[in-house]
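Participant: Just so you know, the protein sequences line up as chains Z and F, in that order.
At the far end of the first sequence sits residue 133, using my numbering, and the numbering has no gaps.
At the far end of the second sequence sits residue 126, using my numbering, and the numbering has no gaps.
We put the beta carbon where it would ideally sit given N, CA and C, even for glycine.
My questions all concern the structure below.
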Amino acid sequence: GESVGLHLPTLSVQEGDNSIINCAYSNSASDYFIWYKQESGKGPQFIIDIRSNMDKRQGQRVTVLLNKTVKHLSLQIAATQPGDSAVYFCPERGSYIPTFGRGTSLIVHP
Amino acid sequence: NAGVTQTPKFQVLKTGQSMTLQCAQDMNHNSMYWYRQDPGMGLRLIYYSASEGTTDKGEVPNGYNVSRLNKREFSLRLESAAPSQTSVYFCASSERDRELFFGEGSRLTVL
């Protein structure tokens, strides 16, 4: 099976709501995690990262939470906007080579 | 600052034809990657190059070859294209374990 597990392949939210995208990882030695956003017709782009010595990191409207005990990451998007509609990835990095899963598709309804 | 540039952006091939996808980055990164993306399959690694002069197979290398021409350029070659290679191909680069920077993708159709 995939080493990267995303609990929901598709997440639908209303504009203005908060979104939470979850991600599980398998390698307890992983010490650095990155979230990417892929808009339709484009390549994935870096959103935010977090080191394993942190539990939480905030960016502009986005927050990443890391729970090392259960090997779980979440990406929280505040006040979701139509421009947030995209596929989100949290690739697991083994031997410095990122392994991407299918991602979670976020659909924002006006 | 162009980042990662891929050419061509679109290509249609007939089964059995060959072609090379070109990729260049201007960020002085050591590592470069080729992924393919198919509907419902996510991004799958074809080949990567950890540094100039080295290349290694990824998850789905069959039917492809690569060349790390220099630090900037990493090309992907299809020697005899097959319909199963119809996909969107992404090149990316990074510095060791830092974030990947992706190109805009090359959309390949094999008839």
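For threonine 20/F and valine 125/F, which I take to be in contact (beta-carbon distance under 8 Å), what is that distance rounded to the nearest angstrom?
Facilitator: About 23 Å; that fails the 8 Å criterion.
Participant: Taking contact to mean at least 3 C-beta pairs separated by less than 8 Å, is the region 106–125 of chain Z in contact with the region 81–93 of chain F?
Facilitator: Segments in contact, no.
Participant: Based on the DSSP output, what are the partners of serine 42/Z in its beta bridges?
Facilitator: DSSP lists Ile100/Z as partners of serine 42/Z.
Participant: Check whether the Cβ atoms of isoleucine 100/Z and asparagine 45/Z sit closer than 9 Å, and answer yes or no.
Facilitator: Not in contact: isoleucine 100/Z and asparagine 45/Z (Cβ atoms no closer than 9 Å).
Participant: Run the CB neighbour count on threonine 122/Z, radius 10 Å, all protein chains shown included, and call it buried at 16 or more, exposed below.
Facilitator: That one is buried.
Participant: How close, in whole Å, do the beta carbons of valine 93/Z and isoleucine 70/Z come, if the pair is a contact with beta carbons under 8 Å?
Facilitator: Wrong, their Cβ atoms sit about 22 Å apart, outside the cutoff.
Participant: What are the complete beta strand (DSSP E) segments, minimum 3 residues, inside the region 38–108 of chain F?
Facilitator: The region 38–108 of chain F contains these whole beta strand (DSSP E) runs: 46–53, 57–64, 79–83 and 89–93.
Participant: Could you check whether the Cβ of glycine 24/Z sits closer than 9 Å to any Cβ belonging to chain F?
Facilitator: Here the model assigns glycine 24/Z a pLDDT of 27, short of 50, so the residue's position is not dependable, and the following value carries that caveat. Closer than 9 Å: no.
Participant: By how many angstroms is the C-alpha of tryptophan 49/F removed from the C-alpha of aspartate 71/F?
Facilitator: Straight-line Cα distance between these residues: approximately 11 Å.
Participant: Does the beta carbon of glycine 126/Z sit closer than 9 Å to a beta carbon anywhere in chain F?
Facilitator: Chain F contact via Cβ: present.
Participant: Could you tell me whether any Cβ in chain Z is nearer than 9 Å to the Cβ of arginine 87/F?
Facilitator: By this cut-off, arginine 87/F is not an interface position.
Participant: Show which residues of chain C have a CB atom less than 9 Å away from the CB atom of glycine 39/Z.
Facilitator: Among the protein chains in the structure shown, which are Z and F, there is no chain C.
Participant: When the cut-off is 9 Å and only beta carbons count, does valine 27/F lie next to chain Z?
Facilitator: Judged by the 9 Å Cβ criterion, valine 27/F is not in contact with chain Z.
Participant: Alpha carbon to alpha carbon, how far is proline 32/Z from threonine 103/Z?
Facilitator: When rounded, the distance between both Cα atoms is 18 Å.
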